[in-house]
Every structure is written in C-alpha cells, then in structure tokens.
Amino acid sequence: MIRKLRKKFILTAAGALFAVIVLIMAAVNCVFFFQTRGLLDSRLSQIINSGFQTLADSKQETPPNLPDGRPPDESLPPGQAAPVQEPPESKGLFRLLPRLEDHLRLRPEGYLIRLDPQGAVTDILQKGPETYSQSELAHIASTLLDKKKDQGWHQYFRFRIVSDEDTGPICIALVNASSELYSILAMLLISSAMGALSFLLALLIIILASGRAVKPMAESYLRQRQFIMDAGHELKTPLTVISADNELARMLFGDSEWFDGIDKQTARMSRLVQDLITLAKMEEEQKSVFSSFDLSEAVYDTAKSFEGLIRSRGKHLTLDIAPGIVCTGDESSLRRIVSILLDNAAKYCADEGTISVNLSARRQIRLQVLNDLRPGDTCDPSQMFDRFYRADKARASDGSCGLGLSIAKSLAQPHKGTLRARIQDGRTILLELKLPAPPSRTLL
37 MIRKLRKKFI LTAAGALFAV IVLIMAAVNC VFFFQTRGLL DSRLSQIINS
87 GFQTLADSKQ ETPPNLPDGR PPDESLPPGQ AAPVQEPPES KGLFRLLPRL
137 EDHLRLRPEG YLIRLDPQGA VTDILQKGPE TYSQSELAHI ASTLLDKKKD
187 QGWHQYFRFR IVSDEDTGPI CIALVNASSE LYSILAMLLI SSAMGALSFL
237 LALLIIILAS GRAVKPMAES YLRQRQFIMD AGHELKTPLT VISADNELAR
287 MLFGDSEWFD GIDKQTARMS RLVQDLITLA KMEEEQKSVF SSFDLSEAVY
337 DTAKSFEGLI RSRGKHLTLD IAPGIVCTGD ESSLRRIVSI LLDNAAKYCA
387 DEGTISVNLS ARRQIRLQVL NDLRPGDTCD PSQMFDRFYR ADKARASDGS
437 CGLGLSIAKS LAQPHKGTLR ARIQDGRTIL LELKLPAPPS RTLL
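In case it helps, this note's numbering puts the sequence shown at residues 37 to 480.
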C-alpha cells in the first residue's frame with residue numbers, strides 16, 4: 037500500500053511537471069515564432085516602401101544582364117561573370133543537418149518583383165547577395181500568384197503581394213527567411229533539450245523526496261492498520277467469553293429467543309472482526325506463492341458446494357463452465373473469490389430467481405456470476421466493492437457486514453485481475469472477474 041501511494045505521488049507530480057514544462061516550451065517558441073514573423077513582415081514593408089524608387093532609378097542605362105539572368109560585375113572585364121558564391125560552411129546545429137542548410141540557402145535576401153496588368157514580370161530588384169536568377173524568381177512569382185493569397189509563406193520565403201483594386205497585383209515582395217527559420221529550429225531544439233534535462237533532474241528530485249513526502253500518510257496508515265489488527269485480537273477474547281457464558285446460561289435456564297439473539301450477534305461480530313483482520317493482512321502486500329491449477333475444476337467444485345444452500349432458499353443455480361482452463365495463481369484465494377461472489381448472489385437474488393456461473397477463456401479468463409434482482413431493490417455498481425456497503429440499508433440484517441466484495445477485490449489484485457459489477461437490463465446484477473490468460477489456456 038505504501039509503495040502504491042509513493043508511486044501515485046511520483047506519477048502525479050511528474051505528470052504535472054511535464055505538463056508545465058511543455059506549456060512553457062510551447063509558449064516560448066510561439067512567442068519567438070510570432071516575433072520573428074513580425075520582424076519579417078517589417079522587412080517586407082521596408083522593401084515595398086523603398087523598392088519602387090530603386091526600380092525607378094534602375095531604369096537608367098545599365099549594362100545588359102548575363103545569359104543566366106545575373107547582372108555583370110563592373111569590377112570584371114566585359115562579358116565575364118562574377119563567381120557564384122558558395123554557401124558558407126555548416127556551423128552549429130546544421131552540422132547535424134547539412135541537407136537542410138543547403139536547401140534553406142542561408143542568406144539575408146530581399147526581392148521586389150514588379151508585375152504588369154497581365155501578371156507578367158517586368159522588373160526584379162534584389163537586395164543582398166544575388167543567389168537566385170531572374171528565371172527562378174519569375175517562377176516563384178508565378179507560383180505565388182496561383183496561390184491567390186496576399187501574404188504568407190512559400191517554402192522558406194515570407195511574401196506579400198501588393199494589389200490595386202483596378203489593375204490587380206502590381207508587385208510581389210519576398211524575403212528569404214532561411215536565417216530566421218534556422219533560429220526558430222535552433223530555439224526549438226535547444227528548448228526541447230533544456231526542457232528534457234530539466235524534467236529528468238526534477239523527476240530525480242521528486243523520486244528522492246517522495247519518501248519524505250508520503251511519510252506522514254504512511255505512518256498514519258500503518259498506525260490505523262495496526263490498530264485494526266490489535267483491536268481485532270483484543271475483541272476475540274470478550275466475544276469468546278460472551279459465547280461461552282451464553283451457552284452456559286442456555287444450559288441452566290433452557291432455550292430462549294434471547295439466547296439465540298446473543299448467539300447470532302456474537303457470530304456476526306466474530307465474522308466482522310475476522311474480515312477486518314483479513315483485510316489488514318492482505319494490505320501488507322505479502323507475496324503469494326503462485327502455481328498452475330485447473331481453474332475450471334476449482335470453480336465447479338466451489339459452485340456445487342453452494343447448490344444445496346441456493347435450492348433451500350427456493351432459487352436456481354445454472355453452470356456454464358468451459359472445461360480445462362488453466363490459471364496461474366493462488367488456488368485458495370481464487371476459490372474464496374468464487375465463494376464470496378456466490379454468497380453475495382445467494383443473499384440478493386430474487387425469490388425463485390436464477391443464479392448463473394459462467395467461466396470462459398479467450399483473450400482473458402472471465403468468471404461471471406449473475407443473479408436476478410429482487411423487485412424494488414436498487415444498488416450502485418460503483419460502490420459495491422466499498423467496505424460496509426449494503427445495497428438496501430433498510431432491509432433486516434442477514435448477518436453480513438458488507439466486507440465480502442471488498443475482500444474479493446483485494447484477493448484479485450495480486451493476480452492482476454479486475455473485479456467489476458454492472459446491472460443488465462435493470463433486472464440482473466453481473467459480477468465479473470477478469471484474469472490474464474496464460475500462454476496455454478487448456479490442460480494437456
């Protein structure tokens with residue numbers, strides 16, 4: 037129990053910490069992205085505002101461009117082109133991603149492409165290193181016009197199209213956002229690495245501090261469990277004395293309904309004490325010795341032992357047990373689970389109703405115990421396994437304490453089993469035990 041409590045504390049704290057780190061990382065990266073996009077849009081505005089004047093000045097007589105579309109370098113002899121600049125050597129993070137760096141062409145470039153009313157390119161202004169030919173930029177302009185968007189992203193470019201209400205698009209401003217995308221990716225990778233490192237360090241601290249954090253609750257739980265066990269053992273002596281004295285009084289004064297009532301209440305109290313001690317011992321997480329056994333035979337034998345009691349109460353028992361189902365576990369514990377489920381069904385089954393026991397094994401081993409509800413009875417399936425829960429508190433006591441199903445659920449946990457309850461059609465209670473099936477489900 038203490039180990040489970042500590043594990044839940046670690047998982048809860050780690051989950052909350054992970055959510056906070058992810059939210060912080062998302063917020064930081066989103067702010068950085070939108071800020072970078074705003075700076076790119078500002079650069080686009082500057083290109084648009086200063087571009088027309090530059091284009092007008094460039095209308096003056098200039099030497100013709102080279103065949104590949106690049107203007108000639110005046111410092112070189114006529115007809116000789118300037119050497120194409122090679123991309124800079126990979127640095128930093130992109131040493132790990134050379135293909136991405138080559139694709140992005142890290143350049144702080146800006147372009148203004150002027151269009152005629154028919155959408156054809158008339159002038160191109162490049163601000164920065166001339167990495168792209170006019171044919172490449174013309175192709176990009178044609179692609180952007182087909183998108184029918186005023187601004188946005190195209191590959192690693194940020195663009196804006198300036199349009200006139202009468203003539204349509206008049207120019208396209210482009211800015212190469214490769215450097216900014218590089219920075220965004222670097223921020224994302226660095227923040228992810230820092231976030232992961234922070235989470236691991238904080239998780240280590242949580243694990244180390246979890247023992248101290250749950251210590252008060254663990255001590256309180258241990259004292260409570262020890263109190264239950266001590267009180268149970270102390271109550272056994274007076275109950276034994278009361279039972280012996282009542283039997284002596286019966287011998288001296290003869291049978292009486294008062295003596296019968298004392299016997300019933302003493303027996304009920306003894307069962308309650310024993311059940312409380314059983315629950316306290318099971319929560320010590322003692323390891324059981326598991327072995328393979330024939331579950332079909334165990335369920336059949338246990339169910340047949342209840343047949344006489346069920347018939348004496350005017351009810352019917354039906355069995356549908358698949359033969360040869362093998363289970364690995366504690367046979368005595370699983371037999372007790374079957375007994376508790378059948379005892380519960382016998383107590384709350386309708387008069388002349390039917391109790392069904394079904395056992396099957398496909399993907400899982402399934403044990404189902406069904407019984408008809410008595411007219412007017414109601415119960416909450418989500419509370420049926422709570423301690424001291426009784427479906428009908430107004431009904432006269434039948435000697436039970438409401439601990440049986442709670443004990444059955446505790447017995448199923450070491451077997452990695454789940455015990456659930458539900459109501460079918462408003463007339464039948466279904467108690468279902470699911471157990472993991474072994475590799476071989478049937479006996480050879």
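Think of the CB as a built atom: it goes at the ideal place given N, C-alpha and C, for glycine as much as any other residue.
query	result
Rounded to whole angstroms, how far is the Cβ of Ala-303 from the Cβ of Arg-349, which I believe are closer than 8 Å?	Going by Cβ atoms, the distance from Ala-303 to Arg-349 rounds to 19 Å, so no, they are not a contact pair.
Any idea what DSSP makes of Tyr-147, helix, strand or coil?	strand
For Leu-190 and Ala-52, what's the separation of their Cα atoms in angstroms?	For the sequence presented, residue 190 should be read as His rather than Leu. So the alpha carbons of these two residues sit roughly 38 Å apart.
Please check the pair Ile-361 and Ala-397, which I expect to be a contact at CB under 8 Å, by giving their CB distance rounded to whole angstroms.	5 Å
Between the C-alpha atoms of Gln-262 and Met-253, what's the straight-line distance to the nearest angstrom?	14 Å
From Thr-48 to Leu-471, what distance separates their C-alpha atoms?	27 Å
Residue range of the alpha helix (DSSP H) that Gly-344 falls in?	343-348
If you draw a straight line from the C-alpha of Leu-447 to the C-alpha of Gly-365, how long is it?	11 Å
If you draw a straight line from the C-alpha of Leu-284 to the C-alpha of Asn-407, how long is it?	41 Å
Alpha carbon to alpha carbon, how far is Phe-295 from Met-287?	10 Å
Whole angstroms is fine: what's the gap from Leu-236's alpha carbon to Phe-421's?	38 Å
Exposed or buried, which one is Asn-85 when buried takes at least 16 other CB atoms within 10 Å?	exposed
At the level of alpha carbons, what is the spacing between Glu-216 and Arg-150?	25 Å
So Val-405 and Leu-355 are supposed to be a Cβ contact under 8 Å. How far apart are they, rounded?	Contact flag wrong, Cβ pair sits at about 11 Å.
Thinking just about the alpha-carbon of each residue, which of Gln-419, Phe-45, Leu-439 is nearest to the one in Val-309?	Leu-439
For the region 220-240 and the region 74-85, state whether three or more C-beta atom pairs, one from each stretch, are separated by less than 8 Å.	no
Using the beta-carbon count (16 or more within 10 Å), is Cys-66 buried or exposed?	exposed
Lys-300: which of Asn-282, Thr-314, Phe-289, Ile-313 sits nearest, CA to CA?	Asn-282
Quick one: which unbroken beta strand (DSSP E) runs of 3-plus residues sit fully inside the region 157-229? Chain order, please.	157-163, 187-190, 193-200, 204-212
How big is the Cα-Cα spacing for Leu-275 and Glu-468?	36 Å
Name the DSSP bridge partner or partners of Glu-483?	Since the displayed the chain opens at 37 and closes at 480, residue 483 lies outside it and no answer follows.
Let's test the definition: count the other Cβ atoms within 10 Å of the Cβ of Pro-411 and tell me whether it reaches 16, buried, or not, exposed.	exposed
When DSSP builds the beta bridges, which residues end up paired with Phe-329?	Cys-363
So, with DSSP's three-state summary, where would you put Glu-388?	coil
Go ahead and pull the three-state DSSP assignment for Arg-39.	helix
Buried or exposed: where does Pro-359 fall if 16 or more other Cβ atoms within 10 Å of its Cβ makes it buried?	exposed
Looking at C-alpha atoms only, which residue of Ser-332, Leu-370, Ala-156, Cys-363 is the closest neighbour of Cys-14?	Within the shown structure, residues of the chain are numbered from 37 to 480, placing residue 14 beyond reach of any answer.
Quick one: Cα of Cys-416 to Cα of Ile-376, how far?	A small fix is needed here, since residue 416 is Asp in this sequence, not Cys. Each residue's Cα considered, the two are about 18 Å apart.
Given a cut-off of 8 Å, decide if Ala-209 and Leu-148 are closer than it, judged by their beta-carbon atoms.	yes
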